[in-house]
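One structure is given below, encoded as C-alpha cells.
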Amino acid sequence: INVGGVTIKASFEAPYMFDLARSYKIPLYLLDVNEPWPGEREYDFVKPDGYIGRDNAFMGVTMARLLRQLLPDGGTFAFVMSWGSTYMLRVRQGFLQEMARDYGQDDRA
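Residues in the sequence shown are numbered consecutively from 1, following our numbering.
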C-alpha cells in the first residue's frame, strides 16, 4: 500500500482502525482532537503521529477570560455541559483552572 498518511476523526469504539493503519506503517493523525493529557485512558492503545484540531482546554481558558470581562464585578453563572464528553471535560478543566487563577486583581467572576 502506498499511502502517505491517514487522518481519522477519533472513534474510540473502533480501535482496530488505528491498529490496521499501524500494521501497514501508515502515519496516523487524529482529526479534531488535541493532544491528550497524561493518563487519559482512551488514548492508551495508540500514539498518533500528530493531531489536527483545536486545543479544547484553551477553549475553556478563553471562556473564563471572556466571562471575567462580562462580569468584572463578579456574579453568578452556570456552566452546562455533557459529563460524558471527553472534549467537554477538557473545556471544563481549562475553564476551572483559569477561574482559579489569582491575578492580584479584584476582577474574578
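The C-beta atom is built at its ideal place from N, Cα and C for all residues, glycine as well.
Quick caveat, the model's predicted, so the values are computed rather than measured.
Going by DSSP, Y16 is part of the alpha helix (DSSP H) stretching over Y16 to S23. M63 has its alpha-carbon roughly 13 Å from the corresponding atom of M81. By the neighbour-count criterion, in which 16 or more other beta carbons inside 10 Å mark a residue as buried, L30 falls on the buried side. DSSP places G74 outside both helix and strand once states are collapsed to three, so it counts as coil. For G50, no alpha helix (DSSP H) segment is defined; the enclosing uninterrupted segment is the beta strand (DSSP E) at G50 to I52.
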